[in-house]
Amino acid sequence: MISKTESGINTYVGHFDQLIAVCKNFGPSYDPVPVNLQIGSLMYQVDTIKKSVTAVDVAIPAYLVANGARIKKFALLPPLATRVQAVAIVLGLPDTVIVHIKEVVRKIRGQRAHKIEPAPEPNSEPARHISVSQVSFNEQIEHLNQLIALVESQPAYTPAEPDLSVDALKTLLDEMRTTNSAVMAAEAPLASLRQERNRLLYAPKTGMMDTALMVKEYVKAVFGTSSPQYRKVNQIQFKNKKI
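The working numbering applies: residue 1126 is where the sequence shown begins, and numbers increase by one.
Next comes the structure, spelled out in structure tokens:
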């Protein structure tokens, strides 16, 4: 699945192709002095950007697969932690240990110790709070590690259910770490490729968006604001943003 951002970028690259085609049709009348606005430079620029966009598109599936596997694996933890808490209570672990287990399980499940009051009006600015869930992937790994340490320290923790055993919990912990590392390994090159693509698109003055806007300004200068030539290029939409 391609995000709206990715598909939007492909749309603007197509618009740049369209802008070049229109300017070509102007013939000798389109003859800007700045080299970066000349047809040859525009064609080279869009070709470079297309290669960069393709590189990002190629890298996305590996990240999506890794992230999907991570989400699926981490989703096992909250219900499993709840069961660990229940069996710890049934097996008669000390109250002091149960208190700590409940605290860790609460964090795993993303629950606050105290409820936050809702904003007084639907459209009012909500109060700023520290992350309610503490469920970032690294934190979940640490929470499970703490839960394992708590139950492993108790000889009475001997559940009959295989998936609640300390060994099974340790296996899940290893699997969570592996899937998390796989996502980071896929995410790093993707982030780098996106950064380069965004530079080619949005860099001030040299990026595709600013170049397109300058092409429009040049056509306005040559043919005038009310000319059909300027109306033709002006209807080709581009949206710049800061990077």
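Think of the CB as a built atom: it goes at the ideal place given N, C-alpha and C, for glycine as much as any other residue.
Owing to the predicted nature of the structure, the values given are computational and were not obtained by experimental measurement.
{"Asked": "Contact under 8 angstroms by Cβ, residue 1233 with residue 1279", "Found": "no"}
{"Asked": "Candidates 1135, 1183, 1208, 1146, of which the one nearest residue 1286 by Cα", "Found": "1208"}
{"Asked": "Ranges of the alpha helix (DSSP H) found wholly within the segment 1176-1229, counting only runs of at least 4", "Found": "1202-1215"}
{"Asked": "When 1284, 1146, 1178, 1358 are compared against residue 1320, the one with the closest alpha-carbon", "Found": "1178"}
{"Asked": "Simplified DSSP assignment, three categories, for residue 1299", "Found": "helix"}
{"Asked": "Inter-residue Cα distance where the pair is residue 1212 and residue 1290", "Found": "10 angstroms"}
{"Asked": "Endpoints, the alpha helix (DSSP H) within which residue 1269 is located", "Found": "1262-1277"}
{"Asked": "Rounded distance between the beta-carbons of residue 1358 and residue 1138, thought under 8 angstroms", "Found": "With a Cβ gap of about 16 angstroms, residue 1138 and residue 1358 do not count as contacting."}
{"Asked": "Top-ranked residue by Cα proximity to residue 1154, from 1221, 1324, 1355, 1189", "Found": "1355"}
{"Asked": "Boundaries of the alpha helix (DSSP H) in which residue 1340 is found, first to last residue", "Found": "1333-1348"}
{"Asked": "Distance between residue 1228 and residue 1258 (C-alpha atoms, nearest Å)", "Found": "Confidence in residue 1258 is poor, its pLDDT being 30 and thus under 50, which makes the residue's placement unreliable; the coordinate value appears in the next sentence. Cα to Cα, residue 1258 sits roughly 13 angstroms from residue 1228."}
{"Asked": "Helix, strand or coil at residue 1320 [DSSP, three-state]", "Found": "helix"}
{"Asked": "Coil, strand or helix - residue 1285 by DSSP", "Found": "coil"}
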